[in-house]
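Residue numbers (my numbering), protein chains in the order written: chain P, 6 to 248; chain F, 6 to 248; chain B, 6 to 248; chain C, 6 to 248; chain Y, 6 to 248; chain X, 6 to 248.
6 protein chains.
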Amino acid sequence: MNICLINPNTSASMTTAIEAGAKSVASSNTSIIAVNPDSGPTSIEGYYDEVFSLPGLITKVKEHKDADAFIIACFDDTGLDAVRAMTNKPVLGIGQSACYIASMLSETFGVITTLDISVPILKNNIYKMGFGRRCTSVTSVEVPVLELEKQSKLAICKIRAEISRLISDKKVESIVLGCAGMVEFANILEKEFSIPIIEGVSAATVLSEGILKMNKSTSKIGGYAFPRQKEYIGEMKKFEFKK
Amino acid sequence: MNICLINPNTSASMTTAIEAGAKSVASSNTSIIAVNPDSGPTSIEGYYDEVFSLPGLITKVKEHKDADAFIIACFDDTGLDAVRAMTNKPVLGIGQSACYIASMLSETFGVITTLDISVPILKNNIYKMGFGRRCTSVTSVEVPVLELEKQSKLAICKIRAEISRLISDKKVESIVLGCAGMVEFANILEKEFSIPIIEGVSAATVLSEGILKMNKSTSKIGGYAFPRQKEYIGEMKKFEFKK
Amino acid sequence: MNICLINPNTSASMTTAIEAGAKSVASSNTSIIAVNPDSGPTSIEGYYDEVFSLPGLITKVKEHKDADAFIIACFDDTGLDAVRAMTNKPVLGIGQSACYIASMLSETFGVITTLDISVPILKNNIYKMGFGRRCTSVTSVEVPVLELEKQSKLAICKIRAEISRLISDKKVESIVLGCAGMVEFANILEKEFSIPIIEGVSAATVLSEGILKMNKSTSKIGGYAFPRQKEYIGEMKKFEFKK
Amino acid sequence: MNICLINPNTSASMTTAIEAGAKSVASSNTSIIAVNPDSGPTSIEGYYDEVFSLPGLITKVKEHKDADAFIIACFDDTGLDAVRAMTNKPVLGIGQSACYIASMLSETFGVITTLDISVPILKNNIYKMGFGRRCTSVTSVEVPVLELEKQSKLAICKIRAEISRLISDKKVESIVLGCAGMVEFANILEKEFSIPIIEGVSAATVLSEGILKMNKSTSKIGGYAFPRQKEYIGEMKKFEFKK
Amino acid sequence: MNICLINPNTSASMTTAIEAGAKSVASSNTSIIAVNPDSGPTSIEGYYDEVFSLPGLITKVKEHKDADAFIIACFDDTGLDAVRAMTNKPVLGIGQSACYIASMLSETFGVITTLDISVPILKNNIYKMGFGRRCTSVTSVEVPVLELEKQSKLAICKIRAEISRLISDKKVESIVLGCAGMVEFANILEKEFSIPIIEGVSAATVLSEGILKMNKSTSKIGGYAFPRQKEYIGEMKKFEFKK
Amino acid sequence: MNICLINPNTSASMTTAIEAGAKSVASSNTSIIAVNPDSGPTSIEGYYDEVFSLPGLITKVKEHKDADAFIIACFDDTGLDAVRAMTNKPVLGIGQSACYIASMLSETFGVITTLDISVPILKNNIYKMGFGRRCTSVTSVEVPVLELEKQSKLAICKIRAEISRLISDKKVESIVLGCAGMVEFANILEKEFSIPIIEGVSAATVLSEGILKMNKSTSKIGGYAFPRQKEYIGEMKKFEFKK
C-alpha cells in the first residue's frame, strides 16, 4: 500500500523528519512518500498561515492521486475536511490521529504545542472531535515551529518541564505532542516518564495502514461528499474540482 | 464609518444583492462597499470550495485595509478566523451574526440552508459558537446557491414549506436563513409567519456598526494574535503577512 | 427610534450613569430614556434582591409601552424572560449583550463581577446562553454594587488587578465587566490593556439599535409567547396581563 | 418535623390537592402544612406569571419561618433559588424533586407538562440541573393548569396518549408529570403502564423528610448565601431581608 | 419496610459502621440489614477490585430478595446497573445518593475520595449522572480505604485540610465524602465548616425510604429490563438469571 | 506480534467467527489467538450478563499474559477498564475501536445493535468516549445475539432495512455494527450502500497492530494504574492481583 504524507508547510527538512517518523513504524510492504507544497509558508502558526498552505497541499494531493491514503502532517489538521471531500481514500490528520491513539491508552490526555497562537485552534479541533472532556489541557512551550529543529535541545528541555508539571499538577495520564516538528521527541521523552507520549506522524501512519487493511473508504454522504462541479475563475481556475 | 463587505465567491450579481441588503439597514453615515474576489469559485458549497475562496478573500481585505470593519458574506463564515488574525478591526461573519441576532429574539432557532453538503459545516460552526443546544435544527432545501437567484420563486417556495414544517413539527422559535444568496428572502417570508426570520447580511451590518460605535477592536491575544512574520515561498509569497 | 433602559434597582445615580453610557454610543436619531423602579432594592446582589426588583421593573415597561425596544440594565439580566414574554418589541439584557459582543471580538472571555454571591447566577445565565465553554472564568472583586460608585478608585484598582491576573494566568482574550455599575470603567481600563473590555450598557444599546434597524421582533412562539390572560388576586391584581 | 408546602399560585383547590398528595406519602410524625399566597396569579403558565407569584410566595415563607423545610409546589420551581437564599433550611422544588426521583429509577425520563409556553422554562431548568441528556423529551398536552382539575378526565386521557406515544416512539424509561395540578394522576396512570410515573409533590415531600432525617441544611456559600442587608424603597420596602 | 444494605467489599467492620450510619437516619419502622459478600476483595480501589466484588454482591441480593429496597454501599456504585436489572425494587448506590442530596442543598459540590486510582471512576460516574458541571472537583487524600478505619484521626485531618483548601481556593459550596469508609466523618467535620458535608450511606437510606413511601419501582424498560433467560456454563452457571 | 482476542461470552462458534474476522485483516506476521471463557453466559445482553462474563474474561487475560496486546471482543467493551488496569499492554474493546474508525471516515455515525436492552449501555459508553454528538443514533434490530448466527439471513435483512432508514431519515454518514456477532455482515452490507460499514473486530485488530508498531503501552497513571495488592477472601481469592 502507498501512503502519501503531506507536510503542509514548505520546510523540506521537516518533511524529511516526518518521512523518517512514518517509516519507523510502517510495515515493510507499505510505501511511504512524504512531500510538501512548492509554495506557501515555511511553518504553520495560526489561522493565517493555514490559509496559504492549502492550495499547495491540495496540489500535492492531486499530484499523488494514486496513493491509497493521505496523511496531513500538521497538528492543526490543516485542510483535513477539504481533502476528505476530494477523495474517497482514507485521509488522516496527525492531530486527530495522535488524540485517538492517546485515548486508547488512557482516559484523559494533555496536549503540548509550540505557541500560544495555536492553542485555541487545537482546542477547537479537539472539541469538535469530541474530546473536550478527555483532553484536560492544551498548553504551549512558546518555541516556534522552526526552532524545534534548530534548537532541539532547548525545545526538549522545555517540553520535559511541561510534562513534569502536567503530571504532578494535573495528573495527566498521557501526553500528545502537538506539532509535526516534535516527531523525533516522543520516544526520547517517553523513556523518562511513566506515561505514553504520543506524536501524530507515527499515529497517522499506523491508523492509515489499519484502515487500508480494513479496506475502508471515506464516507461520501454529508460534508465529505465530492465537491459539486462548478466554475472557478481567475488564478484559482486550475483548482476546479474534477472527479 | 466604512464597512467593507466581502462576498467570498466570485458571483458579482450576488455581491450586488448583498450590497443592497447591507445598505437597506445601514445608517446614513455608514459607507458600505461590497466586493468579491477576482479569483475563485462562483459559489461556496462545501469544504473544498471554501479553500479556494480564501486567497481572493484575503486579497480583498488587504486592498481595503482602510475599512473600519469587515464582513465576510458567506454563511459558512469562510476565513473568519484568518481575517480576524490579520487585523484588529472588527470582523463579522454573516453566519455568526445571524445566529447571534436570532438568539436575542428567541431561545432557540433553526437554520435552513441550500444543500446537504453544507449542513455539517454549519453544525460544526454553530457548535463551536456555543449554540449547539439553542440551534435545534439545521436542514437544507437542496437548492444550489446560484439557483437561489435564477429560480428564486421555486427557492422561496421550498424554504416556505420548510419553515412551516419546522414550526409545526419542531416548534422552532425563529428561523435563520443559511446562505447569503437568501438575503432578499427574509423580509418576504417573515410577513407570512409569526416568527423572526433572520438573514446574516443585515445582521452583520448592524452588528458591525454597533461594535464601531462602541469603538471596540478584535482581541490580539490568543488565536487572533497577529500572524508571526515568516517566509512564504513560491506562488504564495505575495501573501506573506506584513503588519 | 426610542429605547427605554430600565435599571431594575432603585439607585437613581446609577440610572444616570447608565443613561450617559447608553447615550455615549447611541446614534443621534436614537432617543434614550433611562428609568428605574419606584420601589425595590437599591442594588441587586443575589437571587433574593432580583425578586423584588421585578414588579417595579415590569411597571416601568408598562409605563413606557411606546418604546421601540427595552434594555434591562442589570448584569443578571433580571426579568429578561418575563419582559420578553410581555412584548414583541426587542428586549435586551446587558449581561447577554456584553457576552455577545465579547464573543464577536475574541474566542473566549472572562467576566469580572462585584460579589461572590452573584457568580453562580452569572455562570448559570452564561451556561444557558451557550457560552459555558467560551466564558473561561467568572470571578468577583468583592466590591458591593453601590461601592463601585462611592469608591470608584478602589474598585477600578481591584478590577485592574483581576484583569492582569486573568491575562497572565488564564490567557483570557477579552473581559466583560459584570455589573451595570461598572459602565464608566470599561473605556478607562481598556486603555491600559491590549484586549477588549466590554460593559453591557453600551453593548445593549448598539444591539437594540441594530435589531430595530433590521425591523425584527421578539418571537411569540415558545417561552416568549404572550402571557395567557387570567385572574390575578390581591395586591398583585394590577399586574394582570392585558395585551 | 414540620414541612411547609407553598403552592405559589392562588388556587386554593389546587393547594388542597397538593396537601393531600404530600400527606399521602409523609411519615406519621411529619406535620404538613400547605398554603398559597394571598395575592398573585391563579395559575403559573410562563415567565410572566412566575414574577407575580414570587412576592406572595416569599411572604408565605416568612410567615412559616419555623417550618423545618419548605417545598415550592410549582413544577417550574418558581423562586426556588431566592427561597434557598433566605434560609438555611432545606428547600425543595417539585420540579427538581420529580426529576431526581425519576433518575433514581431509570437512566432516562420524559416530562409531560400542560402548555407549550412552559416547555422552554422546564427545558432550561432541567439543563441547569444537569439532566439535559437524561431527560429525553419535554412535551405538553396543551391543557391549561386550571383545566386539569375542571376537566380531569380529558386531561388524563391526553396524558395517557402522550405516555403511550413516548413509550413506543421514544422508548422513554419513566415519566415525570410536569405540573402540580397533576398530583392525583400519577398513581392512576402508573397502573396502566409498566414504567414509573412520578409527580413532584410526593417526591419533594419524601426528599424533604429525608434531608431532615440527615439533619442537613442549605449551603450558605455561593449563590445561596444569605441576602446582603440593604435598603428597599417604596412598596417593596416590607421585603427588606432581615436574617 | 426492609432495606438491605450491601457493602460490596468483604470487610465486616466496615459493614458494621455502614449499618450504624444507616440506622442513625432510618425511621423507626424501617428494618435495616447490612451485609457483605462472603467472597471478594477486602476493599474496592479501582476497576479491577470492582469486578471481583460483583458475584458476591449479587449473591447477597439474591439471598435477600424479600427486601423492599437495596443499597449498594460503595461510593463507586459498583454493580448498580446490574442489580437494577435484576429487580424492580428500588436500588440505590451511595455515590449517586450523596451527589443527589448535595445537589439539593447547593448548586455545586466537590467530592473527596481515598485514592487517585478512584478519581477517574468517580468522574465518569458523575459525568454519566449529569453532574459534570455541578461537581466542580473530585480529589483524593491518598489514604487507602482500610486505613480510614485504622488511622481515622490522620484521615480526618487530611480530609479537613482538603475541605479547607476547596472552600478557599475553589469556593466549593458543599462536600461529598467519596467512600463508604468515611461514613462516620461527615457529622464530625460538618460542625467545623459552614457548608453541608454529605456521605452516601445516610443519603441512600433516606432516599430508599422515600422511594418506598412513594411506592415506586425501578423501570423495566431499557437498560434495566430484566435479564433475558439464557444458559450460563461452568463455574458461573449458578448465576443464571431466574426471574 | 501476538494479539489475544477474548470473546467474553462462552459461545465457541462466535469465537471462531471473531478469529476469522481478525485474521482477515491482520498482517502476516501477526499471530492471532481467539479464546473465550470456560465459564459464564453464552451471550452478553445487558448489564447482568456483563458481570458474569468478567471472571472468565480476566482468567483468560491471565492465561495469555505473554500476549502483546488484548482485544475484548464484545461491543459493550465489557471489562475494558479492569483489563487495562491489569496490564501495561495495549487493550482494545471492539466497541471503542469501531467508533474510532468510523470517526476517521465520517463526521457522524450511527450504531445498530441487537436488542433494546443494550442501547443504554452503548449510549453511555459512547458518551463517555466523547462521541455523544458525533454518534447521532443508537438503535436495535431486536435480534438476540445468538440468533445473528442461527438466522443470519433474517438478521442481515433487518440490519439492511435499518441502514436504509438511517441513511434516508437521519442522513447518517457511516454505520457501526454494534455486536461481535455481526462480524461477518459488514463487508456484505457495505457493498450495497455508499457509506462505510464498520464492525469492531477488524477495527480492534488493526488498531492493536498499529499501537504495537508504535511501541506504546497503556498509561499507568490514573484509573488504569495497577491494582493495589490486597487480600481477597473466599471463592474469589484466586483473583488477588499479583503484578
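Ideal Cβ placement from N, Cα and C applies to all residues, glycine included.
| Partners in chain F for E112 (chain X), counting only beta-carbon separations shorter than 8 angstroms | P125, N129
| Are there 16 or more other CB atoms within 10 angstroms of the CB of E197 (chain X), so buried, or fewer, so exposed? | exposed
| query | With DSSP run on the structure shown, which of helix, strand or coil describes V177 (chain F)? | reply | coil
| query | Hey, is D121 (chain P)'s beta-carbon within less than 8 angstroms of any beta-carbon in chain B? | reply | Any Cβ of chain B closer than 8 angstroms to the Cβ of D121 (chain P) would place that residue at the interface, and such an atom is present.
| DSSP state of S145 (chain C), grouped into three classes? | Looking at S145 (chain C) - three-state DSSP - the assignment turns out to be strand.
| Residue of C:T113, C:A90, C:T118, C:S111 minimising C-alpha distance to M3 (chain Y) | Since the first residue of chain Y shown is 6 and the last is 248, residue 3 (chain Y) is not available in this structure.
| field | Where the alpha helix (DSSP H) containing T210 (chain X) begins and where it ends | value | 205-219
| said: Less than 8 angstroms between C-beta atoms, sequence neighbours within five positions excluded: which residues of the same chain meet that for V124 (chain Y)? | reply: T118, V143, T144, S145
| In the structure shown, what three-state DSSP assignment does P46 (chain Y) receive? | strand
| task | Pull up the CB-CB distance for V40 (chain P) and K65 (chain P), whole angstroms please, since I reckon it's below 8 angstroms. | result | 5 angstroms
| query | Going along chain B, which residues have a C-beta under 7 angstroms from E178 (chain F)? | reply | Chain B residues near E178 (chain F): S224, I226, G227.
| query | Is any beta-carbon of chain C found at less than 8 angstroms from that of D71 (chain B)? | reply | no
| query | If L10 (chain P) and A22 (chain P) are in contact, beta carbons under 8 angstroms, what's the gap, nearest whole angstrom? | reply | About 11 angstroms; that fails the 8 angstroms criterion.
| field | Minimum C-alpha distance to E240 (chain C) - residue among B:A31, B:T47, B:K225, B:P149 | value | B:T47
| task | Out of Y:Y52, Y:V177, Y:F57, Y:G98, point me to the one whose CA is closest to A74 (chain Y)'s CA. | result | Y:G98
| Partners in chain X for R138 (chain P), counting only beta-carbon separations shorter than 7 angstroms | G135
| field | C-beta atoms of M219 (chain X) and I106 (chain P) nearer than 8 angstroms | value | Closer than 8 angstroms, so yes.
| task | Report back the beta-carbon spacing between T20 (chain P) and N12 (chain P) to the nearest angstrom; my notes put them in contact at under 8 angstroms. | result | 4 angstroms
| said: Would you say K221 (chain C) lies against chain Y (beta-carbon separation less than 8 angstroms)? | reply: yes
| request: Check whether the Cβ atoms of E236 (chain X) and G186 (chain X) sit closer than 8 angstroms, and answer yes or no. | output: no
| said: Can you check whether the C-beta of A90 (chain C) is within less than 8 angstroms of a C-beta belonging to chain B? | reply: yes
| query | Using the beta-carbon of each residue, which ones in chain X are nearer than 9 angstroms to L212 (chain P)? | reply | Per Cβ cutoff of 9 angstroms: Y105, I106, M109, V211, L212, G215.
| query | Excluding the five sequence neighbours on either side, which residues of its own chain have a C-beta within less than 6 angstroms of the C-beta of K16 (chain B), listed in chain order? | reply | In the sequence as displayed, the identity of residue 16 (chain B) is Ser instead of Lys. For S16 (chain B), where only same-chain residues beyond five positions count, the Cβ hits under 6 angstroms are T47.
| request: Go through the stretch 72-139 of chain Y residue by residue and report every complete run of the beta strand (DSSP E) that reaches 3 residues or more, in order. | output: 74-77, 96-98, 114-118, all fully within the stretch 72-139 of chain Y.
| said: Quick check on K28 (chain Y) - is its C-beta less than 8 angstroms from some C-beta in chain C? | reply: no
| said: Quick check: K133 (chain B) and K133 (chain C), are their CB atoms within less than 8 angstroms of each other? | reply: Yes, Cβ-Cβ distance for K133 (chain B) and K133 (chain C) is below 8 angstroms.
| Inter-residue CB distance, E214 (chain Y) and S32 (chain Y) (contact presumed, cutoff 8 angstroms) | 6 angstroms
| query | In terms of alpha-carbon separation, which member of P:N34, P:V188, P:L217, P:D174 lies closest to I203 (chain P)? | reply | P:V188
| query | In three-state terms, what does DSSP make of A230 (chain F)? | reply | coil
| Chain-order list of residues whose beta-carbon lies under 8 angstroms from that of Q156 (chain B) (same chain, five-residue window excluded) | V148
| task | Note down, in chain order, every chain P residue with its Cβ under 8 angstroms from the Cβ of M187 (chain F). | result | Near M187 (chain F) there are no residues of chain P at all, since even the closest Cβ is about 18 angstroms away, more than 8 angstroms.
| message | Let me check understanding here. Comparing Cα to Cα, which of F:I77, F:S44, F:D81 lies closest to E245 (chain P)? | response | F:S44
| field | Cα-Cα separation, E50 (chain B) to P60 (chain B) | value | In a straight line, the C-alpha of E50 (chain B) is about 17 angstroms away from that of P60 (chain B).
| task | Establish whether the CB of M241 (chain F) and some CB of chain P are separated by less than 8 angstroms. | result | Interface residue, yes.
| said: Going by DSSP in three states, S16 (chain C) sits in which element: helix, strand or coil? | reply: When DSSP states are grouped into helix, strand and coil, S16 (chain C) belongs to the coil group.
| message | Among Y:T141, Y:L171, Y:A209, Y:F114, whose alpha-carbon lies nearest the alpha-carbon of S224 (chain C)? | response | Y:F114
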